Amino acid sequence: MVTFNLLILVSLAYVIFLFAVAFFAERRAQQGRTGWMRAPLIYTLSLSVYCTAWTFYGAVGYATRSGLEFVTIYLGPTLVMIGWWWILRKLVRIGRTHRITSIADLISSRFGKSTALGVCVTAFAVIGTTPYIALQLQSVTLSFDAFNGTARADEQALQSTAFWIAAGLAIFTVIFGTRNLDANERHHGVVMAIAVEAVVKLAALVAVGVFVVWGLGGGPLATMATIDASPMADLELQTSRWIGITFTAAAAFLCLPRMFQVMVVENADERHLGTASWAFPLYMMLMSLFVIPIAVIGLDLMPAGSNPDLFVLTLPLSQGREDLAMLAFLGGFSAATSMVIVAAIALSTMVSNHIVMPIWLSTQKDGATVSGDVRHVLLRSRRLSIIAILFLGYVYYRLSGGGTALAAIGLISFAGVAQFLPSMLGGIFWRGATRVGALAGLSTGFVIWMYTMMLPSIGVAGVFPDAWMQGGPADLHWLRPQALFGIEGLDPVVHAVFWSLTLNTAAFIIGSMLSFPSPLERLQGAQFVNVFDHSTGPRGWSHTGAAAEDLMMMAQRILGPSEAQQLFQAEAKRQGKGDDLPDPSPEFIDRLERELAGSVGGATAHAMISQIVGGATVSVQDLMAVADEAAQIMEYSNQLEAKSVELENTAGKLRDANEMLTALSVQKDAFLSQISHELRTPMTSIRSFSEILRDGDDLTRPERSKYSDIIHAEAIRLTRLLDNLLDLSVLENGQIDLELQRGTLRQVLDRALASSEAATEGLKITLDVTGTDDVIETDLDRLTQVFINLITNAAKYCTAEDPHLRIRIHEDGQIRHIDFIDNGMGIPQASQSLIFEKFSRLSDQAAAGSAGLGLAICREIMSKLGGEVRYLDGTNGTAFRVSLPTGVNVAAAAAE
Amino acid sequence: MGKHVLLIEDEPNIIEAIRFILSRDGWSVDTHSDGANAVERVQSMRPDLIILDVMLPNKSGYDILRDLRDDPMTAKLPVLMLTARGQTKDRELAERLGVNEFITKPFSNSDILASVRALAGAG
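Respectively, the protein sequence lines represent chains A and B.
Going by the working numbering, the letters in the first sequence line up with residues 1 to 896, in that order.
Going by the working numbering, the letters in the second sequence line up with residues 1 to 123, in that order.
Encoded structure:
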């Protein structure tokens, strides 16, 4: 007797074996040694994920109830593989060209990358698949139960078995389903494990069949006779059901998320479809070959009331063939687990790509461009999705209680995913199909499927009251769930499939015709519908219409002449073509593309090569990738530009600073040179005359006196010069403290005139003043100094025959002006700004005994006092204006 | 004796001092106090030696020297330069232009006298 524990041990060992297979395949793939793993046979076997526990166990039960009708489940896919292979080819091509990751991705991509459609399809797929996953868990659990027919495990143990199966599958799927996020989403390990399981399934079923026919039925002929004699032979063929179910199975074969995963996403080579188109029908034929014999002989030998859904298992058991039963158990286990694993991968991809990612991205303000980030989130969301989906399946299993016949759940699920068919086929064959149409069709079909099939199935008693089923909601007869629009007498399945798909298609077509597609939709539509005009074949650059010259020219433009030359020469040498250009062999073009990708990015390189090689066109994604790359390059060059502008600015600033320093240095040299000159000149006279006086005993007395006077005058000049220099230096450095005093302008003028009396002999001075008695508060001594300077300048430089200086005071708004105007010859315009600079003497005034510091000092003083001194143009002589703000006027205070 | 010296200088007191020193030694001294027309004055007067200040109104002593050296008639005329700008580059410039002697102010009377004697004697 096989014990429950041994069964668990065997299952566990089998799972570990699968782990090993998957791990081994994954490792090989990572090393790039895919080799035979990409053989067409593996692809074909992986398609067998279509044959779940439903077909493994359920087909026999189905046959006992409806005779040959179970064949429809196999007939649909067979028709697709043989008759509709061109649809498959187109799907595979589109999937590869546009890097489609799931059926939700296909439909959403086709209709302008619509998020709403992605969510819609994902949600429907999850709803449609969850019962199916539950079904697998149930069948595995039932098969455990069947083994323990005598040593019956309690209900609790069974339930926990289901739970542990779900958990184990979740772990397996997480490990092998989310290892990498390759662009093409291939899972070599999983595919290999599924292929192995396919073999186990087939072997188990065939072994049981052979045992039944030869061991129990007494050979093929005897078995045939038994079949003829059985009541199943009398079961009538219901044509409508046959057509309906065959069609549903065909549609589901194309639309089931797990089928799309293995058929399109995991497809490594389009040509594998060719092999699969005969090999897979053959596989299904073998799977169905012994269904009827097992059913008939099972009915014959098994006690009445035993579950025909488990004949595959119970028949060998009843005959004491525990080894065979164990094999059958493993076959069923394989069928169930492979379906669950692939479905979980497909659904988790959809959930994370179309539901989690859009939500996550919308919560990211700007950080989402970091690809590492996205990768991390994506992986985590996939893993959580897988766990959630399997948990959902487990919950559904617990809730449903496992009452319904297996086949029923399977058909409901099939009809549900078949709702994707109009949008999918319409999308790839009809350019006029639009997003609105797809949404309308999908939701219409889905609602009707729910109403006519899904909800009635989970309990006539539960959701719909009997009255509803019989009389329609609110007594609306035409809305009866299983007799819509009053059409009665149809089989419920056919009824549901007919109405849901018909209305789905109608809504899709009408919606498409009434709406206008967006530009992206139209673009994608053209790309999908005309995929064969736009994409390369399965082998990269197989048809190479490229001229080597063209490739060379492009390579030179991108890589630079010398590097391109090197690349081509090396290739020519390798091909043995000497100095000629190499042949544009596919390998070479591949290499060239990689080289170019290193320079301009993968997408751009691919687009450029495509242009030259021909045949291939650029997909929207390619264009977008090109735009992305270009944007990155532009961003980079913008940064460079900004940097170089910055550098230029810095260089400019340095240049300016340098120029300023140079100018300052020149100024300093000039200044020192000037000072030197101004100091040495009087010193020369002093020294020379003092030597004359010292050496000359023969000098006359007047001579002596004259020379002594010169020495004295020059010494004074020297002192004055030093005083002025120090004064100016102090003023310029801003080190002076102004001594604010109160006084009147009159006082200041009087003091200035008195001080310059000696120097102004012969100069006639007139005053033209008002308001001189206003009290001002300023540094009166400094102001006096300015006035003295201006008055003595007039005396020194006025060359008029009858020199005359007019001093005028007047107010102009907030400012009081004191003008000093003489009748001299004026200062030429060009020199007017110069005279306030240090040592600036007009050439014809050289002999005046001044170093040219006076006006510079005046300017400094006035700016310290908050006013200014400037040359006053437009008088008939030389004129200076001293301006003081009247703000320093504190007359009122002083008067009191 | 009785050689002619032309003194081109704009500071009255310095003119007075040099005239006194040279006259006492027996030189005849003429003066010119402006850069302008100085070259013409030399050409018409044909002195045996000139004493040339650098900082003159209207035309600098360097320019005058250059013009003199460019004229074959005055190319060999001994020139004693006086300057109150005592920097090395001033002396270098003067030597490049072909000056015979370069004296920085303030000078000692005996130096001036010795230089004048040496230059006029050689010339």
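Each residue gets a CB set at the ideal place from its N, CA and C atoms; glycine is no exception.
Quick caveat: nothing in here was measured; it's all calculated off a predicted structure.
- Here Thr886(A) has Gln814, Arg816 as same chain residues with Cβ atoms under 6 Å from its own Cβ, once five neighbours each way along the sequence are excluded.
- The segment 282-301 of chain A makes contact with the segment 64-78 of chain A, as at least three CB pairs between them are under 8 Å.
- Take Phe211(A), set aside five residues on each side of it, and the residues of its chain with a beta-carbon closer than 6 Å to its own are Leu324, in chain order.
- Within the same chain, no residue comes within 6 Å of Leu749(A) by CB-CB distance, once the 5 residues on both sides are set aside.
- Using a Cβ-Cβ cut-off of 8 Å, Gln87(B) is close to Ser673, Ser676 of chain A, given in chain order.
- For Leu91(A) against Val342(A), the beta-carbon gap comes to about 17 Å, at or over 8 Å, which does not count as contact.
- The beta carbon of Thr122(A) lies closer than 7 Å to those of Ala104, Met350, Val351, His354, Ile355 in the same chain, with the five residues before and after it left out.
- The criterion of a C-beta distance shorter than 7 Å is satisfied by Met453(A) and Ala415(A).
- If you compare the alpha carbons of Gly83(A), Ala198(A), Ser413(A), Val191(A) with that of Ile127(A), the shortest gap goes to Ser413(A).
- Going by DSSP, Gly743(A) is part of the beta strand (DSSP E) stretching over 741-744.
- Rounded to the nearest whole angstrom, the CA to CA distance from Val49(A) to Ala335(A) is 7 Å.
- With a cutoff of 7 Å on beta-carbon distance, Val60(A) and Phe311(A) are scored as near each other.
- Take Ser690(A), set aside five residues on each side of it, and the residues of its chain with a beta-carbon closer than 7 Å to its own are Ile711, in chain order.
- When C-beta distances to chain A are compared with 8 Å, the residues of the segment 9-20 of chain B below that value are Asp10, Glu11, Pro12, Asn13, Ile14, Glu16, Ala17, Ile18, Phe20, in chain order.
- The CB of Glu691(A) comes closer than 7 Å to the CB of Ser108, Asn109 in chain B, given here in chain order.
- If you check the CB distance, Ile821(A) and Ala754(A) do not come in under 7 Å.
- For chain A, the residues of the segment 90-119 of chain B that bring a beta carbon within less than 9 Å of one of its beta carbons are Asp90, Thr104, Lys105, Pro106, Phe107, Ser108, Asn109, Ser110, Ile112, in chain order.
- By the criterion of a C-beta distance shorter than 7 Å, Val377(A) is surrounded in its chain by Trp360, once the five residues flanking it on both sides are discounted.
- If you look at His272(A), you'll find it in the alpha helix (DSSP H) that goes 272-289.
- Judged by DSSP secondary structure, Lys573(A) falls within the alpha helix (DSSP H) whose first and last residues are 561-574.
- By the CB criterion at 7 Å, Asn13(B) and Gly35(B) fall outside the cutoff.
- Per DSSP, the continuous beta strand (DSSP E) segment holding Phe102(B) begins and ends at 101-104.
- Distances from the alpha-carbon of Ile18(B) to those of Glu95(B), Val99(B), Asn100(B), Asp53(B) put Asp53(B) closest.
- Pairwise C-beta distances place the segment 95-112 of chain A in contact with the segment 431-440 of chain A, as three or more of them are shorter than 8 Å.
- In the same chain as Lys105(B), and ignoring 5 residues on each side of it, the C-beta atoms closer than 7 Å to its own belong to Leu82, Thr83, Ala84, in chain order.
- Note that the C-beta distance between Ala252(A) and Val71(A) is not below 7 Å.
- Judged by DSSP in its simplified three-state form, Glu714(A) adopts helix.
- Around the CB of Asp145(A), 16 or more other CB atoms lie within 10 Å, so the residue is classed as buried.
- For Met55(B) against His677(A), the beta-carbon gap comes to about 6 Å, under 8 Å, which counts as contact.
- Near chain B, meaning a CB-to-CB distance below 7 Å, the residues of the segment 698-712 of chain A are Ile710.
- Collapsing the DSSP output to three states places Pro885(A) in a strand.
- Scanning Lys577(A), Leu301(A), Glu595(A), Asn307(A) for the CA closest to the CA of Gln319(A) turns up Leu301(A).
- In the structure shown, His32(B) falls within a strand segment according to DSSP collapsed to helix, strand and coil.
- Secondary structure of Ile821(A) (DSSP, three-state): strand.
- Contact check for Leu805(A) against Ala794(A) passes: the beta carbons are separated by less than 7 Å.
- Residue contact with chain B for Arg687(A): present (Cβ-Cβ distance below 7 Å to some residue of chain B).
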